[in-house]
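Residue numbers (the working numbering), protein chains in the order written: chain A, 1 to 462; chain B, 1001 to 1462.
Encoded as structure tokens, the structure appears first; notes follow it.
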């Protein structure tokens, strides 16, 4: 207690009283986007600049005080969770859009800017930042970088790692690694920014970033189709890639039970007159509506002719498009209907998906009386999401369901986290996806950059 | 001498006599693609497997023996140069294409496979590996990874870093870091492969890799246009990006003196009836020839109307396309006409290029009587190449010209290496592009992974 008071005293003296939240006010914040319990921590720091992050880290380093960087707290693996003994460092005050460079097509931002702020700033200059996800209004660029965020357009634009040209990060000892490169090609020594992308705030705190911008799509075409089997989903994906190439920006699959549950709960009339085994939602982002329609038309004609699909529905208005995406995105409906719901974010080689799912469903049927396996996801990115639930399932079944899902994922060559990261929730299963030498090297890197283990300790690595 | 014999003895005993070249046979090999002097080294190792690389590294580690990994020895910054006291490790026997996975669109290869082998293997399956460069028949995938190779299609497909899904690398102590991921999304802990991409063989030896494949372009359109000023080149680039989006695969610029020198030397009749200040060679890679022509047609119509260009020439045959690329690629003609030629590979924010070039040319004119500055490059990737020469220039002027070029590059916000890397030739100027904390962290990483400094010592870092 003595010690904590000394740290808080030093932090307040250095950052100012208003930048150090303590006491009851901490509980005014919820733990996360999905966990609405009050947050607990020894303090929450609100630095206004990279210099203040440096100052805070130096104080914490001196006292070996654990520090947890926080963006929008929307991560689904508890990457930014705080214990009562942790100090949180929120980037929320560092949310400036510093520069939009139209000629070089870059945007330079502080890490606390939300994804939506960045999307809108790009849009104002008739440019486009392609990363997107439901939490866009809350999640921050720093968090997107720390978790190498994905979403539904990775197929076309890559994940966050591919969208970052330069960044600035503060190491646990207060060293500022400023690599704010703006150029597409720059091979001058080691690409240090890669250390901080996807390492979930365990190696450094991302403070600023330069992101790559693209041409703003002038034409978006959204199509829903029915597909009779998973093998045909894959065939249709291949065909879509052949016809649409890089104009194809999303290729999402939904199993019938997922699609039907969502539309029934939301009281939406199905856009299709049939109830196929799988629904595919595909979207193109191009620069010429007329030409894009020709591309999409050729794909649909060929797929219809081959019997791969029977009822393609092309969204005719923004409202129709929004409705199709609402169905895809609104998985929380399932959370409202069942309790518990065991959710999964895994990746698999596309060629293994069908057999993996069939085996999993068989195993679930054998183990539980009425288990439902709701499946949807970014099939073109090798990324599936599952929600497993049923009236007979209880919280006590979590371990058995986890073992079943992850065991099969690994035996089919997949990985236990596709886009949500490891955080606190998956660190016990990280060794299922990474081998001994890989884990050893990760620990070596952590030891090198954070020898006192003060930065987001206990996340990702044990 | 005693010590060396012991190492050679151990290496021969472990790898076999035929896998350890010593003595005069070493000089049968040239230093590199551009330096045809005989190579010198204590030995050249030719391992056949990852296990043999491990064995070789363990022996070298025990004896603190410097080891230089070699691919096709085509690097232009002397990344794979050997001193007489070094042992070279060539991956040439590890050149297998292990697997082409059509459904997942990946290719798994040993690191000694040439770029051309990979391009051809993909092509046989109607898929496409987009990395390309003039040395494709000699350069290897391991070298492409170690140098984060670029080339003329980075604009569309990214550099090598973006094309690698997984890799296997051997650390100096013989630890095998095998991360042969095949999936587009995989966020399970630190992305260790990034350490080995672009670190020029100083942190580990890349032994195998999984690469991402794309749809094979069904239509390639190649266009040469005249542009009156660099400002208009940039305007035309922006227009091309707006009209063509991701179908645009290359956007190359050539200054008049470069273009004219090449066509005169090669006795090619200019495809254009004018001699503009700049030539732009642009190429699209799409999936539908008819639609791509519409896209390109709209761009050219608009640019003609606005007076940005006056004589667009669209290649009508493969021979015409090859001739246009021959002009762009054949910079060695200048090397045949002048001696010395000081060559540069730099990157600059696109918005700084014009002023940078004007200032550089003015400074060159002031310092030298007849300096020519031949300029060409991947303007869309922020990457320009220069060849500076003139009858009055002598090898003694190298330092002055280097200082002039790099000094201006840095003052205009650029970097001293765009795609060729640092190797031996640029390590003295690396601190111009990277700050103290960055260099400190690079040394920390090198110290962590290669504490005895045996792997490609003296390259990249001092």
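A virtual CB, placed ideally from N, CA and C, is assigned to each residue, including glycine.
Source: prediction; values computed, not measured.
In the structure shown, residue 1456 of chain B adopts coil according to DSSP, grouped into three states.
Closest option to residue 402 of chain A, judged by alpha-carbon separation, among A:460, A:342, A:24, A:138: A:342. Annotated as proximal: residue 1187 of chain B and residue 419 of chain A, with beta-carbon spacing under 8 Å. Nearest to residue 1308 of chain B by alpha-carbon distance, out of B:1137, B:1317, B:1237, is B:1237.
Residue range 1398 to 1411 is occupied by the alpha helix (DSSP H) that includes residue 1411 of chain B. The beta carbon of residue 1442 of chain B is closer than 7 Å to those of 1461 in its chain, skipping five residues each way along the sequence. For residue 172 of chain A, there are no C-beta contacts with chain B under 8 Å, since the nearest C-beta of that chain is about 12 Å from it. For residue 1372 of chain B, the three-state secondary structure derived from DSSP is strand. Contact residues of the region 382 to 397 of chain A toward chain B are 382, 383 (C-beta to C-beta distance below 9 Å).
A straight line joining the alpha-carbon of residue 1440 of chain B with that of residue 1375 of chain B spans about 34 Å. Beta bridge pairing from DSSP links residue 127 of chain A with A:215. The Cβ atoms of residue 185 of chain A and residue 166 of chain A lie no closer than 8 Å to each other. Nearest C-alpha to residue 413 of chain A among A:351, A:180, A:171: A:351. Between the region 374 to 389 of chain A and the region 112 to 122 of chain A, the count of C-beta pairs closer than 8 Å stays below three; the two stretches do not touch. For the region 1280 to 1355 of chain B, the full-length alpha helix (DSSP H) segments reaching 4 residues or more read 1289 to 1305, 1318 to 1329, 1332 to 1337 along the chain. At a cut-off of 8 Å between beta carbons, residue 418 of chain A contacts chain B.
Around the beta-carbon of residue 1175 of chain B, 16 or more other beta-carbon atoms lie within 10 Å, marking it buried. By alpha-carbon distance to residue 1393 of chain B, the top candidate from B:1338, B:1013, B:1226, B:1027 is B:1338. Membership of residue 243 of chain A in the alpha helix (DSSP H) is indicated by the continuous run 230 to 244. Closer than 8 Å at the C-beta level to chain B, one finds these residues of the region 345 to 356 of chain A: 347, 348, 349, 350, 351. Residue pairing by DSSP places residue 255 of chain A opposite A:278 in a beta bridge. Counting only the Cα atoms, residue 84 of chain A lies some 51 Å from residue 1052 of chain B.
Residue 458 of chain A and residue 35 of chain A have their alpha carbons spaced roughly 19 Å apart.
Taking 8 Å as the cut-off, the beta carbon of residue 404 of chain A is found no closer than this to the beta carbon of residue 456 of chain A. With a beta-carbon spacing of about 19 Å, residue 384 of chain A and residue 430 of chain A fall beyond the 8 Å limit used to define contacts. Using a Cβ-Cβ cut-off of 7 Å, residue 434 of chain A is close to 1188, 1189 of chain B, given in chain order. When DSSP states are grouped into helix, strand and coil, residue 1383 of chain B belongs to the strand group.
Judged by DSSP in its simplified three-state form, residue 1045 of chain B adopts strand. Here the C-alpha atom of residue 1340 of chain B lies approximately 30 Å from the C-alpha atom of residue 1199 of chain B.
The region 1209 to 1225 of chain B makes contact with the region 1274 to 1289 of chain B: 3 or more CB pairs, one atom from each, lie closer than 8 Å. When the alpha-carbon of residue 1017 of chain B is set against those of B:1037, B:1046, B:1027, the nearest one is in B:1046. Each of A:201, A:173, A:271, A:208 was checked against the Cα of residue 225 of chain A, and the nearest Cα belongs to A:271.
Note: residue 1224 of chain B is bridge-paired with B:1281, B:1313 in the DSSP secondary-structure output.
A straight-line Cα-Cα distance of about 36 Å links residue 1078 of chain B and residue 1245 of chain B. Residue state for residue 207 of chain A is assigned as strand, using DSSP reduced to three classes. The C-beta of residue 1208 of chain B has 16 or more other C-beta atoms within 10 Å across all chains shown, which makes the residue buried.
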